[in-house]
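Working notes, structure below.
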DNA sequence: CATGAATGAGTGTTCATTCAT
DNA sequence: TATGAATGAACACTCATTCAT
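Chains as they are written, first to last, in this note's numbering: chain A, 1 to 213; chain B, 1 to 213; chain C, 1 to 213; chain D, 1 to 213.
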């Protein structure tokens, strides 16, 4: 998820300056391969061959095959977090910010389906996830939304009888829920109407009535 | 999907009469194992051990490991098709029949989540699916619904400006779409309200207004 | 240690009847290779090639490479225990039995230097030894000697103020101590004079004076 | 063997003056690591990390991993030879000199068990030993003893009907023989009584009777 | 003098599959 | 009908070593 191909984000640019060529080629090779097959069915030999490097090089730069995956995922989540923050900068009002965040979430899912799919289906349910760097990066991302909710509660826009964390979970969970089928069945989705749907529910359930714009 | 434990369907009974003990034991072994682990992580050694037979016996009865999976899946789809037909027997009117079929679909998904999951996630997107017996059985199943739609068009209950096959696809696709998240996130789902939702849409979009009961 | 090449012991004969050819070939291959290189420097590929079988066959019959080693070692220890028992059958008096056991120990070390070396140097000091089948077989062997000591204590031939287990340890430990250099430097050793040396010590330190023959 | 920690021998001092820092750090790293694991199980990566230098630097100063080992071993043997010579300076009489040499040998084994063990078990039996610098240094050391024996023969203290080289071999071989078990089983040993034992044998078998002090 | 980057050749182990009986 | 024996091909991962800079 969360990758904006073409646009090189700040952190990516930094990475390319510091990271050795081989490391980048390996990461790109896995990204490419993930487009066509599942992580488990991709072999290290294949990754190396696609990257045009020696198999052993993978283990110089990444702890193991799964470590490489987590690194890629984490990188995109961090990139995404950055983009989200930039996106929110020129929006006013908690409700509008949340709406923007929801739209951004869908947009991000949409723009990088592979990573969304892998994160949700192949990584998150596996043991060790909560110790992975992917988890920490995902948390950083969701913390941005959490902070938004807390702000909303503080300034009275959002009801204060539900813990902020719950509300954040419901918002991001709903997005995922709504997006998942389009991900699995590889169909297009109308992200504007999805955003609208979730906002309707939020208006009725989370925000106080008078705050509706 | 589509298994009705306890109730031995006609085709299953037939199978048990004709199929050698070993073949059945192998199929059951895989079914059992699939409840706890993914198909790829199940080894033939494990299947044989669970079945209490020799590993080589798998290859006497099935082309290979994947063939065994397709056979099981196909069996359940055929069983399911039979059940669906029985179900529809005492329902009158195309709309009511379709509604029943939709409910049955959800019920079947629900009763055998493993097979649904495997079919949708582990089998259908893989190369060779359209040559597999699973595909043919799935087609037989969907043909029952297709026939229903065609009847509806013939008797004027359903609009005739959309190809029957499209309508059938939309119906079954919607069911899957609605059910999938509950499958992936392993949550319960209210099949009655799901049925109702889909029927609402069908009423507005597919059936002619006056046909609403 | 403890193997008597040429002479096929009862248990070995039984083994050869029941064990598949491949399993025997693998075990023999490792035995052969151990004559020239250390266990760690022998690869599974080498074992398989020497045995004339496929590498994977090793893992059908043995848990892993180390398991194969333990199995071989254990087999020889069990064989040896059997031989020792036969050897002791026609000896009278605890002292004479112990003397025979000591002589047998040296003879066994001598006849199968490879196994002695591996057991003492490559296996016994490694983690997991006390859970290995080698340990259990070695224990069965030493239990024969322990029983002898206990008999001696019971019939008054051996002093009763030192635990039987200590005495057994001292006896077998002394044998090993005395034999080890000849093992490592691969030199011949006079087993009769070694036996005599240890017996002298035993007479002065363990047996009561009057029991000396 | 043969290391005298704390005391910096002349050759070591020389070495430290001439050798680049990196080379010394690498040698020390291996010495440190050898205290806890076998040479084969130590990786070049580990050596470099412990030394705080780049892995490739090992290959600038040493032919390969084994070359590094030989260099260390050789260094200690040369150090040891120097110490032995110093030790013998203020001893009079061939017999007393030899006795001192024997005691020194045990003392040296004792003070640096790791090197003794590696030399005897891991290095000396391997192909290429006789071309290694370790062998040449070991020879320089044993030549000191050989010279002693030759002196004894010349001045009539030692019988002249056995080649000097044989006598030297017997002396050093006996020391090793006696020390080895304590090395392998990692037990303490009384070096004074060991020295005495060997001297007894020498007196009876090598020296002429009247030369006994 | 020292290093970052890269690799060839293995390392033990696994697994679906075949075949003679 | 069923099995014991055997295997080819792959698997993730490791390591000593090289080389350009």
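Cβ coordinates follow ideal geometry from the N, Cα and C atoms, glycine included.
What you are looking at is a predicted structure, and each value in this text was computed from that prediction instead of being measured.
Any idea what DSSP makes of residue i, helix, strand or coil?
i, result
"residue 207 of chain A", "strand"
"residue 144 of chain A", "helix"
"residue 194 of chain D", "helix"
"residue 24 of chain A", "helix"
"residue 158 of chain A", "strand"
"residue 132 of chain B", "coil"
"residue 18 of chain A", "helix"
"residue 149 of chain B", "helix"
"residue 126 of chain D", "coil"
"residue 138 of chain C", "helix"
"residue 62 of chain C", "coil"
"residue 35 of chain C", "coil"
"residue 29 of chain B", "helix"
"residue 41 of chain C", "coil"
"residue 201 of chain C", "helix"
"residue 55 of chain A", "helix"
"residue 10 of chain C", "Below a pLDDT of 50, predicted positions are generally treated as unreliable, and residue 10 of chain C, at 41, falls in that range; the measurement from the model is reported next regardless. DSSP places residue 10 of chain C in helix when its eight states are reduced to three."
So which of the options has the shortest CA-CA distance to residue i?
i, options, result
"residue 169 of chain B", "B/182, B/147, B/157, B/183", "B/147"
"residue 77 of chain C", "C/109, C/192, C/121", "C/109"
"residue 200 of chain C", "C/175, C/61, C/186", "C/175"
"residue 190 of chain C", "C/138, C/107, C/80, C/72", "C/107"
"residue 79 of chain B", "B/125, B/112, B/61, B/23", "B/112"
"residue 64 of chain C", "C/105, C/192, C/27, C/116", "C/27"
"residue 48 of chain A", "A/32, A/36, A/38", "A/32"
"residue 95 of chain D", "D/46, D/144, D/73, D/158", "D/158"
"residue 62 of chain A", "A/91, A/25, A/88", "A/25"
"residue 145 of chain B", "B/42, B/100, B/127", "B/100"
"residue 52 of chain A", "A/29, A/72, A/167, A/132", "A/29"
"residue 207 of chain B", "B/181, B/194, B/183, B/98", "B/98"
"residue 150 of chain A", "A/121, A/178, A/93, A/104", "A/93"
"residue 114 of chain D", "D/183, D/18, D/192, D/19", "D/183"
"residue 120 of chain C", "C/179, C/143, C/204, C/86", "C/179"
"residue 140 of chain A", "A/164, A/117, A/85", "A/85"
"residue 127 of chain A", "A/19, A/196, A/195, A/66", "A/66"
"residue 197 of chain D", "D/166, D/134, D/102", "D/102"
Which residues in chain C have a C-beta closer than 7 Å to the C-beta of residue i? List them in chain order.
i, result
"residue 180 of chain D", "180, 181, 184"
"residue 40 of chain D", "40"
Which chain B residues sit within Cβ distance under 8 Å of residue i?
i, result
"residue 28 of chain A", "Per Cβ cutoff of 8 Å: no residues; residue 28 of chain A is ~24 Å from chain B at best."
How would you write the range of the alpha helix (DSSP H) that residue i sits in, first residue to last?
i, result
"residue 104 of chain D", "94–111"
"residue 171 of chain C", "164–184"
"residue 67 of chain D", "65–89"
"residue 118 of chain A", "Here residue 118 of chain A belongs to no alpha helix (DSSP H), and DSSP marks it neither H nor E."
"residue 51 of chain C", "44–51"
Below 8 Å on C-beta distance, what does residue i contact in chain D?
i, result
"residue 70 of chain C", "Those within 8 Å of residue 70 of chain C in chain D number zero; the least Cβ separation is about 20 Å."
Taking residue i as the query, report the chain C residues whose CB atoms sit under 8 Å from its CB, ordered along the chain.
i, result
"residue 177 of chain D", "181, 185"
For a contact meaning CB atoms closer than 9 Å, what does residue i contact in chain D?
i, result
"residue 121 of chain C", "121, 184"
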